[in-house]
Amino acid sequence: MNQKETVYLVEQYQKGDRAVKSKASNKLWKIYQDWVEAIVGANAKKRRGVNKTEMLSEACVGFMKALEHYDLNKANECSLKSYAAFWINGALINYKKVQIHNGYVVPRCPAAVRTELFIASNDRNSISNASLQNIASTYEIPVKRVKELEMFFCSSENVSFDKWETKKDSDIQYPFGSNYHAIDAKKVLNVIHSFVRKQKEPISVVLHSRWLADKRTPLKTLAKRFGQSYESIRQIEIGAYNSLIIELKRLAII
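Counting in my numbering, the sequence shown runs from 208 upward without gaps.
If you want it as structure tokens, here you go:
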């Protein structure tokens, strides 16, 4: 399949109704399935005791995310395969890690449910109760549980996929590694500066110390300074990260 045909199918997936989305995603999956399975196989060899079927489910979710967010206007700069590789590897890197959002742990759920939620809407507020009930019925999951998952997986780009660079002393380093394509670093930095200035203490101090200072302050040091636990300071950073991602997407920078 050439690039023009690929872009057409992705456009069908992004802009079509549910039936069109399903048809387009099925065609694209048939084309890329062997490639995705090869990525999963390579990752599985590096880890002992992993469930390859579960890893493939995670990779599928990453692939669906790539279809959803692929910028058709920049298709000539970055192929779908290159873009999808970032999302798939991001999903596999975080396989079996605890998902934390707004301070509470979200248990794992069937990858198919997440895919359904991604297809249902790009904006969680537009998913109707009828759609949620239909998903709950299909996968035999309580409606309340589906609503919780919807809020987690569709409210923002969660930490699981938009992964930051990491260092030994913390879970988060600095947003946007080299895998992000066509990002204007200067614009990103300007938004980060503006974002940090708008925050109240101690959040502004924490974020400036972590994101903008010449030498990053360890989370443990900040926790001691403000008389807080390590986890509470870490959650401030993760929560701010989620909000920053939303702001950058609103400004069409990423």
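Backbone N, C-alpha and C define an ideal beta-carbon position, used for all residues, glycine too. Predicted model only: the values in this text are computed from it and were never measured.
Item: Which class does residue 420 belong to by DSSP, given the choice of helix, strand or coil?; Value: coil
Item: According to DSSP, is residue 388 part of a helix, a strand, or is it coil?; Value: Here the model assigns residue 388 a pLDDT of 35, short of 50, so the residue's position is not dependable and the matter cannot be decided.
Item: Work out the CA separation of residue 458 and residue 221 for me, nearest whole Å.; Value: 20 Å
Item: Pairs of beta-carbons, one from the region 422-436 and one from the region 393-400, closer than 8 Å: are there three or more?; Value: no
Item: Thinking C-beta only, is residue 451 closer than 8 Å to residue 402?; Value: yes
Item: Which term fits residue 307, buried or exposed, when burial requires 16 or more other beta carbons within 10 angstroms of its beta carbon?; Value: At residue 307 the pLDDT is 36, less than 50, meaning the model places this residue with poor confidence and gives no usable figure here.
Item: Hey, residue 299 and residue 250: beta-carbon distance below 8 Å or not?; Value: yes
Item: Starting from the C-beta of residue 231, find all residues in its chain whose C-beta is less than 7 Å away, skip the five residues before and the five after it, and write them out in chain order.; Value: 216, 219, 220, 223
Item: If you follow the alpha helix (DSSP H) that residue 209 is part of, which residue opens it and which one closes it?; Value: Careful: residue 209 lies outside any alpha helix (DSSP H) and carries neither H nor E.
Item: Residue 259 lies in the alpha helix (DSSP H); which residues open and close that run?; Value: 259-276
Item: Please go through the same chain and pick out, in chain order, the residues whose beta-carbon is closer than 8 Å to the beta-carbon of residue 288, but skip the five residues on each side of it.; Value: 239, 242
Item: What is the DSSP secondary structure of residue 279, reduced to helix, strand or coil?; Value: helix
Item: Would you say the beta carbon of residue 222 is closer than 7 Å to some non-hydrogen atom of the ligand MG?; Value: This structure does not include the ligand MG; it has no bound ligands of any sort.
Item: Whole angstroms are fine: how far does the CA of residue 208 sit from the CA of residue 441?; Value: 45 Å
Item: Could you give the first and the last residue of the continuous alpha helix (DSSP H) run that contains residue 284?; Value: Segment: none, residue 284 is in no alpha helix (DSSP H) and carries neither H nor E.
Item: I need the straight-line Cα distance from residue 227 to residue 291, nearest angstrom please.; Value: 20 Å
Item: Going by beta-carbon coordinates alone, are residue 413 and residue 444 separated by less than 8 Å?; Value: yes
Item: Is it buried or exposed, residue 269, if we count other Cβ atoms within 10 angstroms and call 16 or more buried?; Value: buried
Item: Would residue 263 pass as a contact of residue 244 if the rule is Cβ separation under 8 Å?; Value: yes
Item: If we count the other Cβ atoms within 10 Å of its Cβ and call it buried at 16 or more, is residue 417 buried or exposed?; Value: buried
Item: In the DSSP assignment, find the unbroken alpha helix (DSSP H) run with residue 426 in it and report its ends.; Value: 426-433
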